[in-house]
Structures are given as structure tokens and as C-alpha cells.
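Heads up, the thing below is written out as C-alpha cells.
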Amino acid sequence: MAIRIGADVGGTFTDVVVENAVGDGPGRSGQYLSTKVLTTHQAPEVGILDGLQALAAEHDVDLTQVEQLIHGTTLATNALIERRGARTALVTTEGFRDVIETRTEGRFEQYDLNIVLPTPLIERCDRYTVPERLNAQGEELLAFDEAAAAEVINKIIDGGYESVAVGFIHSYRNGVNERRFRDMLLAVAPEVAVSISCEVSPQMREFERFNTVCANAYVQPLMASYLRRLETGLRELGADCPVYLIHSGGGLVSVETAAAFPVRLVESGPAGGAIFAAHLAARHQLDRIVSYDMGGTTAKIALIEDYVPQTAKTFEVARTTRFKKGSGMPISIPVIEMIEIGAGGGSIAGVDSLGRITIGPHSAGSEPGPAAYDLGGTEPTVTDANLELGRLHPDTFGAKSIQLSPEAAAAALLQGVGEPLAVDARTAAVGVAEMVDENMANAAAVHAVENGKDLADYSMIAFGGGAPLHATRLIDKLGVDELLVPTGAGVGSAIGFLLAPFSYEAVRSFHTSSDDFDVVAVALLLEELTTEAESFVRQGAPTEAELKVERQVSMRYRGQGWEIPVTVPAGPFDLLASEALVHEFTKTYERFFGRAIDGLAVEAVSWAVRVASVVDPPTALEAVAPGVAVKTDTCRPVYDPVAGEAVDAAIIHRDDLAVGATVNGPAIIVESQTTTVLGSHHVAVVQHDQTLRIRRIEGSLQ
Amino acid sequence: MNNSDMVHNQIMWNRLIAIVEEQALTLIRTSFSTSVREAGDLSAGVFDAQGRLVAQAVTGTPGHVNTMAASVGFFLDEIGVDQMAEGDVYITNDPWKGTGHLHDITVTTPVFKGEELVGLFASTSHVVDVGGRGYGPDATELYEEGLRIPIMRWARKGELNEELVNIVRHNVRESDQVVGDIHGLAASNETGRRRLLEMMDEFNLDSIAPLASFIFDRTRDAVFAALAEVPKGVYKNSMDVDGYDQPVHLEVTLTVSDDGMHADFTGTSGTSRFGINVPIIYAQAYFTYGMIVALAPELPNNFASLAPFTVSAPEGAILNAKEPDPVAVRHVMGHFVTDLCLGALAQALPDRIPAEGAGALWNFQASARASDPANDPRPPVELLMFNSGGTGARPMLDGLTATAFPSGVMTMSAEATEQVGPIIVWRKEIREGSAGAGRQRGGLGQTIEISATEGYQFVFSAMFDRIENPARGRHGGEDGAPGKVYLDDGTPFRSKGKQIIPPERRLILELPGGGGFGPPSERDPEAAANDRKQGYVK
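Protein sequences, first through last, are from chains A and B.
Numbered according to the working numbering, the first sequence spans residues 652 to 1353.
Numbered according to the working numbering, the second sequence spans residues 7 to 544.
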């Protein structure tokens, strides 16, 4: 027993990780067997099953002993991006047929006459309306028109829709009419999938809520059939185990919940990475972390406090234009908050009309790949700059199948960046590398500001193939003192899945304010949210499992539009509790913005209860002090941005380093999945779990 | 310049832009004004010691493009560099030294490194109230529009000017929010100041002058390269719009020369008795925005990118208002300046310029009051809604439906609006058949139906345009549908000025559509079929 499997289906690769808690065999707890196979887009379960079989065969794992499979997938995300969902209708309140089309009425790019706004997920001819109306308090203004609803239902049946989204105005306060419509529809067409917005996302703001329920309905038939096929396939391999899904908020849910609310799975892969980083933070007792994940196309940055990744209530998926805010679809569900920018190893560098070096968002991807791969790519990429600067080297590049060509990299850099700026390939490479680092550092700094944080108090965790190449430069720019580079960084998300608790976050909008706090309604609401979240968690968590309940409210001064999250302490919610909340808000506001504002009422607008099973915290590891520095005769010149010139850097193989080994920069630490760069002012010490703990030596900026 | 300087300058340029973005973000998060957070009605920038704009955050309002750039020069002139000290904060809301109306407050903070003034940060944001009659076009003199703060100190060497704070407190509605917003402006400048000094330490700089020259040189080259694509010459255009109580004729003569582009507004109607007049700096902003978005959208706003775009107009023209002309709602005419000038540019670049769109926003402010005030003590509630018609068709693309242009304003959720006050939004939906037909059709307008909740009535301040004068098509494209305003029982409703919506009635707004581009007969049959399938055309 006690074999657990993590499977992360990504856009390019499917990662499968096996954890075997039995004995001292391979893959025992804390260490993992892993494999990467290509994602099979038409039938993603095939990749998982193939990978699993291969691992089992190679390491003699008994698949009948598998206790559970934990799974994250980009299937829902890709269906939304590629518009490969079900034939779906939207039914909404009369007068609001076009909410998902007119969006915010703004342009996400102020300086583009030829801007193209995202097409609505459900086109106008598939959107139907029913006369009915509630007010902001959830009371009836206009009765639900049964006859009109019946007519719409006929059109849905005649139209051959597989799935229906229902979103009525103010249904987050009162879902009665949405439920009524669903009941009427299912009574005559039980085979149609129905999603209603008061269940999928009971949050105020019709554009976001309607879009969320549409997305849910759109991917639901696809996800439900995929999950059924996966379960069947596993049984055929002898692994008759429950399957759990990781959701965007970083917890596990049952297959049933996942099939009903697939929109909650949208950001599950990145969520796994954040859990992985949070776990590492706990192991090393670092309570403020900025996690930094860099792959081939993008870099993702998240904040983790007290070993818990920061979350948000809404995010955007399928951005159509340069990852630009506003160019995608808003989805209102609890999600681990991260920013994603077009800065990866394959990001293409160029020069704009002002002679400024630009990076991304286009990526050379894996085909044709960076120019250095010599597979047909001719445009300079971040990887080409790293090669030109000596940070990467053909002899020590992880992927053995690829022979890096420094000549091809230099030629591309010269042509794409050097010539337009009248500089040589080396200077072009310096510019590209510095610019991508600057872009990532600026994005991280702005993200911190948005969250009222100062990164100088943080440590960084770097994972993903590209991050360790850039992380030391990033901590220099951000004034961060310490950096961790874990092992297994290439399959971090899948490992993260195995570390996640069962959890569910129930969120609902409800307005009340400090001059007339509706304590009774809030107490009732918190109770309902707790019951709802608990019921979802109990579908997966062992019955005896201890559950943790966290409550949160978003608050602001009356008149403001941005809210600050405030924790609602445990215990009955009464007048005293409401006063304590307002006090806590004022304190938090002051911390964020330097000054509280006198005389204004404080509003509470949205309430959330997160219930999670308690996961044993990882064993804390004592920090290993620096020991005798590792010596090597293998050196090569590597450009050092602080010195402004190439310096002789030691080349160290990570596999050769024992616990306590200390590497003084300048050095390059190579391994199969990534390369870690140390500047002359960085020192790395190998920790008990093989993590590299890197410090920046004081007084060495730039 | 050696190679490593080149890289450093590029990095620092990037950093300056990040710093002003951070400055703007702080403002949005703390602002009490709906137009700031929903519409990005704010700006933030960093200036060199001579008061030249070096970098500006990209925010939602083209109206701040030139106004921001010019304002710091006024502060340097009036305060005097020798009188500036560390810890000082300066303020004004003068329409002719800030952004064209009293509701925008501009705050400027000098940055000293040692004894030396190395630069300044400035930020502007639209506040909830400035006293006077309240926001609307009905004043006939500036004095009625609210409190006017000349350029003066908000803080001296770190010490708050309590007397000014007190004056503000006693002259505006919602004084806590207004004073809170001014503190927010000062705090955002302070963030910028600290970040700039950190950057100067990191890169070992005593002055940002060399960096500013680098930025200006690069920008100047790029802007003149873009201008070189425009055939030199003189291009004229005119446009008639509804105005307040009488039609307004707008006219431009656009001269494209080796020195840049100059817009002269001679021929334009004289000033209005009401607050729709425009200080010329604001007209210049919408002119410049139109030219940059059409010719060089990559250009960041700074001293060098703005310098080639100049304007002139006879005194007393509605686009060159002088004090004490009322200017509160200067955005309505201001927004038309972009389409007016693009229309002239279209003669030089016929294949690159869109048709006319709805142009001015259909914003309104409504005061919901108890319909039986004698027996109902509830205080009035102020409501604000932003709404957009359709934009003009583009040469290769249809216009955008219910989308703001040239403004960057976003609408608010109907549910959120109903949470704020006693209003019901019964309908907010695409207005079928409102697009101007064309090879590319215009964007559609929208239909909005609102009423007060039971027991309330609205005192409504209307300022809607393009009812008499629709957005015109280009190159054979048809005009968009003009707007309409009426009550649900058919009673006509004036499109301008204060009126009451009786408690039992709904107000219906039909917003204008954008003009088409090219003859409708050339429309792709598939696109035409889809228009019918989706009900975009009737």
C-alpha cells in the first residue's frame, strides 16, 4: 500500500511522479521517481497511463498497490484557449444578453487602433433571455416568466446544445430563479449538462460571474468524459484507486466535484508549483518567499507567506495579447495568485523602433527552439544570450540530445539585436540577459506593490528549467538576500500535487458596512459557507481527518473599489467580532498605504471560507553552515554583470556535491535539468535535502 | 557612449517606466474616485530638473498626455528652484496649469540628492468633489465650479500645510475622501522619489540628465522616423456636434512639416455659456494622442515624443477657453478632437485611419432623491455611470461595439452600481442595427434602461452628444446611428442639462454607433451573413 502518484498534464509534457512510502525501496517518501512523456493532446489520459507503465516497469512498482492518483491538467485551460468545448447556450436575465460580449467597454491596449477584443465564449445567437429580476438584496422585482422559460427550453432542445450556462442578475444573493430554470430544463432534457452561476461562482459583478459559468459549462462535458476514461484506464492497469484533482486554489477535490466544477481546475499546474515551493519554504523555515518559476515561454512569480501561497478570487485565462491584463477571460474562482510574463528561455529578443531591446512575448518554443539548438531557429532568444555569455555551455547542457551551437547563437544575436544597435554579439547578449532579468524583477516588484509587500524581507525559491540561470541576478536587483534552488525542480508541480491537502474555498458576495453591520446575516452566511466547503472536502478527505477552517473577508473604505483581505477569527460572529474586523482592516490599510483614513465607513463586500484537511508539516531541516569551499580546476569565462566583464567561473557538477559542500562564486553549477549561476558575490551551500541555499554577500549591488 | 553605457541606459529607462507604473498603481488602489479606479483617470510621471517629462505611466486618459508634461514647468516657474527644499510637496488644480478642469488635482514632489535638485515626480488624479455646484456642465463661470487651488505648498520641508488642508476641508463635499486622495497623490510621489534615489545609488549616478538625453535622443529619432511616413502638406477637416444649447462646429487645419505636426483650430465655434469649454492644453492632448496612436503607438510619452505636436486656436474658441470660462465637462468636446484631427490625417494616409465613432462618452451623474422628501428623510445618493457607444470601423477591421475611444474608460458592473445606490439597470444591451454599414462596419452602440428604485426619483444631469450629428463613415461607409434619449412612455428627454426623471418612469438611452469604412456592397458575404445571424443588423 501507500504508493501515491502525481500526474501533471502540461502543454508540452506530462510529468508522472511516484511516491512509495513502503520500506526503503525506490521512490520512498521524500524522494520521488519521475518521468516526463510528451502530452497526448487528443487523449491526455494516454500520456499518464504510458508514463505510469514505463515507470512501473523500470522500477518494479506494483500498480495494484497504488493508493491514490493526484492529477492536475491543462485540459480545461486549453479547451478555453483553443475553443474546443461543448456546444453551449447561455440563458440570462432579459436586458443582459450581451454582458459577456461588451465586457468592460474598455480597451486593454490604449495605444492600438487595430486592437482585437477577445471573442465571447458563447456567441450572441446562442444567448437567450428570460424575463425575471431580483434587486441587489435578492428580492423579486419582476417575477420569473415560466412561459418564456419554457420557450427558451424548447429552443435549447431544438438547437442541440450539449451544455447550458445559466446566469441571472444578482443570483449571488438569491439563486432561486437559476435553480428553477435548471429544474425545468432537466425535467425535459436530463441529458443536458447545466451549470448555474450561483453555484459555480456566487460573486457579484455580472461580467465575471457570467463568464465563469459559461467557461464551466463549456468545458464540462469534455472534462467529465476525460475523467471517466482516465478512471477506466487506471483500472485496466490494475490501479483501482481513487483519483483526486488539484484545483486552482492549490487543494484536492474529488472526481465528482471536478466534473461538476471543471472551471476550478483551470490553473492547477502552476498551483502545484506553488505548493511545491511552499513545502520547501516550510522545510527550510523561511516564512516569506517569492517563488519564481521560469520555463520556455513564460516566467511565473507568486508570493508565499507562512508557507501558504497567496490567493485571489479572480484571474484571467486565455490572454490573447502579450499576457496583457484585460485581453483574456475573467474567471471568478479562488486561485493561487501569480503573475505570468513573457520571459522564458525561448523568448525572442528584438529591437523596437526606439532602439530598445525587447524580450518576448513570442517564444521559439521547442520547435524550432533557440538559434543555438541549430534546428532552424534564427531569431535570438534568452537561451542564446546565456550561451554567448558562458552561462550555458555545449559540454554541460542538460538535454543530451541537443548539441548547442555557440556560433549559431552569436550569429542570431548579432543579426537580431547587435546590428540594429551597432554593437557586437557579446554586448547584444549582455543587453538581452540584463533586459529579461530587469523585466522579471520589475514584474515581481510591481506584484509586491499590488499586494502591499516589500520584497527586501523575502527569500526566493527558483525552479523550472530556466529560473536557476537568472535567479541570482534577480535577487541582486530585488535586494533579496537568500535564494533556494531545490532538486527535482523540473517536475516540481507534480511533486507539489502529492503535498497538497484536500481543500475547498466557498466564496460569496455580501455587502454590509461598519455603520450598520448586519451581524446576524453574516453569522448565517459564514455557517453556510463552512458547511458547503466542508461537504466538498469530506468527499475526498478520510473521515477521521482533522479539518482546518479559515475565514476571510474583503474590505474597503466606502467609495473605494479595491478591497483588502482581512482574516475573520474563529468563533461566533457577533457585534464584537464585527468591530474587531473593522479595527483589523484599519491596521492593515495603514500597513499597506502608510495612513488610515479617519471618518469613513468601512465596507465588507465578499466572504470566503476555506476548509482544508490538515497536512503534516514537513520536518524542519537545520540550516547547514558553509564549510570548506569546493575546489575545481575546471573553469570557463562567464560574463559577470557586476564586474562588467567575463570572469573565470568554476564549473561544478551538482551530483558531486555532498551535504555541506560550499561553492563560492563565480561558479556555474550544472545538473541534468537546469544550471545555476553564481556571481562573484554569491555563495551556495548544499543543505540536508540537497537544496542549494545561496546567499548574497553584503554591499555588492549591481 | 560605450557599449556598457548603452545597456545601462536601456535598463534604467525600463526601470523609470516601472517606477512610474508603480506610482500610478498605488494611486489607483487607494483612490476614492470612481473615475480613477474604473477609468484610470490619473497620471504619474518623472521629470528632469528642468521640468521635462522623462517617463509617464500609461493610464486610461489621453487627456493627461500633454497636460502632465506641461504642468511641472509651471511649478518650477512659480515656486522657483531656489525655493524648493527636500520634503516639500506642491499642489494645484488650476485648469490652465493642470489638466483642464478643477476636479483633477496635480501634486508635485521635488527629488534632492544632497543639495542638488535631480528631478521631480508629479501625479494627477480626479477627486470626488471640489465644491461649487458639483460636477456637471451647468455653471456659467469657473467660480461656480468649485475651489481653485493656485500653485502652492501642500507640505513644506516635511511639514503639512494645515491651513490649506483646512481650506480644502471646508470647501468640498466628501472632504475625508478628497483629503485622503491628496495624501494618496503625495504618497505615490514619495514612492517614486525613494525608488529613483535607490536607482541612482545602484547605478552610481549624481544626475539623471545624461539618461534623460539618451531617452530624448532615442525618442526624437523614432518620432521623426514615424512622421517621415506622412506626406508633407496641409490637411483640413471639420465636424459638427450637438454642443450644449447650440450646435458646435469644430475645424482643424493640420500642417505636416519637417518640424512636426501642427493643428490650428481656427474656424471652430466660440465658447459656450456652459461648462463644455476646453483649455487648449486639453485639446492638444487629444490631438497628440490621435496622432501617436495612428503613427507611432510604440512611443512612450516624454518630452521628446510630445514636442513635435503643437496646437493653436484663436482666443475665445471653444477649444481655447480662457478664465473664467466654465470648463468642468471639457471632456465632451475634447474627446471629439481626436476624430476631428484623425479625419484630417486620413487625407494624408487614407488607408490607415478609422471612420468616426461615438467619440464622447455617454457618462452621467444622477442624484437619487426621496420622491416624497417631506416624509422621507433619506439623504440623496450620487450615482455615476460610464457608457460607451460604438467606435468607427477600421480600414481592415470592424469597429468595436460599446467600447470607449479615444477615452480609455471602462464601464461598471450593473450589479455593483445597484449595490451603491437606489438605481435599477433594466437593460444594458447591444443596440441592434446601430452600426454604420460598410466594407468594415462600425461598432454597435448599446441600449440602456434605468429607473430609480421605489420611493426615489432622479435629478439627472445629461450631457449626451451625437444625437443630431451621427458618426460619419469613411470612403463610402455609412454613418452610424445617432443617439436617442427618451422616457419609456415616449416623452422626449433633453440630451443636455438637469432634468427630473419621475419616480414611475424609466429613462432609455440609445447610444450612437460607429461609422462604416468602405462601401457596404464590398462587405465580405460571410461577415454579412454573420451580422444577420447574431442580430447585429436588423
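Cβ coordinates follow ideal geometry from the N, Cα and C atoms, glycine included.
Is any beta-carbon of chain B found at less than 8 Å from that of L1005 (chain A)?
yes
Does DSSP put C892 (chain A) in a helix, a strand or coil?
coil
Go ahead and label G676 (chain A) buried or exposed: buried means 16 or more other beta carbons lie within 10 angstroms of its beta carbon, across all protein chains shown.
In this prediction, G676 (chain A) has a pLDDT of 46, which is less than 50 and means its spatial position is unreliable; nothing more can be read from the coordinates.
Return yes when the Cβ of V317 (chain B) is within less than 8 Å of the Cβ of F293 (chain B), no when it is not.
yes
Interface residues of the stretch 1095–1116 of chain A facing chain B [CB-CB below 9 Å]
A1096, V1097, V1100, E1101, G1103
Chain A contact residues for W368 (chain B), given Cβ-Cβ distances below 9 Å:
By Cβ distance, chain A contributes nothing, its closest Cβ being about 10 Å from W368 (chain B), past 9 Å.
Just reading off the alpha helix (DSSP H) that F1048 (chain A) is part of, what are its end residues?
F1048 (chain A) -> no alpha helix (DSSP H), and no H or E assigned at all.
8 Å is my cut-off, CB to CB: does L222 (chain B) come that close to chain A?
Looking at the sequence shown, residue 222 (chain B) is not Leu but Phe. Not one chain A Cβ lies under 8 Å of F222 (chain B).
With burial defined as no fewer than 16 other Cβ atoms inside 10 Å of the residue's Cβ, what is the status of Q446 (chain B): buried or exposed?
buried
3 or more residues per run - each beta strand (DSSP E) lying fully within the stretch 1311–1350 of chain A
1313–1315, 1318–1321, 1326–1329, 1333–1337, 1343–1347
List the residues of chain B whose Cβ lies closer than 8 Å to the Cβ of N786 (chain A), in chain order.
E424, I430, T459
What does Q1211 (chain A) touch in chain B if you count any residue whose Cβ is under 8 Å from its own?
T36, S37, F38, R43
Is the shortest distance between the beta-carbon of D675 (chain A) and the beta-carbons of chain B less than 8 Å?
Residue placement at D675 (chain A) is poorly supported in this model, since its pLDDT is 49, which falls under 50; the coordinates are not used for a value here.
For K975 (chain A), the first and last residue of its enclosing beta strand (DSSP E):
No beta strand (DSSP E) holds K975 (chain A); DSSP gives it neither H nor E.
What are the residues that DSSP puts in a beta bridge with Y462 (chain B)?
B:A376
Cβ neighbour criterion (16 or more within 10 Å) applied to G892 (chain A)
Gly is not the amino acid found at residue 892 (chain A); the sequence shown has Cys there. Buried, by the Cβ-count rule.
May I ask which residues mark the beginning and end of the beta strand (DSSP E) holding K951 (chain A)?
950–956
For L548 (chain B), three-class secondary structure by DSSP
For residue 548 (chain B) there is no data in the structure shown, the boundaries of chain B being 7 and 544.
Would you mind telling me which residues of chain A sit closer than 8 Å to V64 (chain B), beta carbon to beta carbon, in chain order?
Q761, Y762
Residues of the stretch 974–1008 of chain A whose Cβ lies closer than 9 Å to any Cβ of chain B, in chain order
G977, D1003, S1004, L1005, G1006, R1007, I1008
F1244 (chain A) vs A193 (chain B) beta-carbon contact at 8 Å
yes
Go ahead and label S263 (chain B) buried or exposed: buried means 16 or more other beta carbons lie within 10 angstroms of its beta carbon, across all protein chains shown.
exposed
Using a Cβ-Cβ cut-off of 8 Å (strictly less than) and excluding sequence neighbours within five positions of S876 (chain A), which residues of its own chain qualify?
none
Short check: CB of A866 (chain A) to CB of L731 (chain A), under 8 Å?
yes
Cβ distance (whole Å) where I773 (chain A) is taken to contact G900 (chain A) below 8 Å
Rounded, the Cβ-Cβ distance is 25 Å, inconsistent with contact.
Please confirm whether S39 (chain B) and S131 (chain B) have their CB atoms less than 8 Å apart.
yes
Under 8 Å between C-beta atoms, does H1333 (chain A) make it to chain B?
no
Tell whether a beta-carbon distance below 8 Å holds between A1094 (chain A) and I955 (chain A).
no
For F466 (chain B) and V1256 (chain A), the rounded distance between their alpha carbons:
28 Å
In whole angstroms, what separates the C-alpha of T1194 (chain A) from that of G46 (chain B)?
50 Å
Between the C-alpha atoms of K687 (chain A) and S1052 (chain A), what's the straight-line distance to the nearest angstrom?
15 Å
Residue range of the alpha helix (DSSP H) that includes D227 (chain B)
215–233
C-beta atoms of I1112 (chain A) and A932 (chain A) nearer than 8 Å
yes
Bounding residues of the beta strand (DSSP E) (the contiguous stretch that carries R778 (chain A))
778–781
Which chain A residues sit within Cβ distance under 7 Å of D182 (chain B)?
I1248, D1249, G1250, L1251
Quick one: complete beta strand (DSSP E) runs, 3+ long, within the stretch 132–164 of chain B?
158–162
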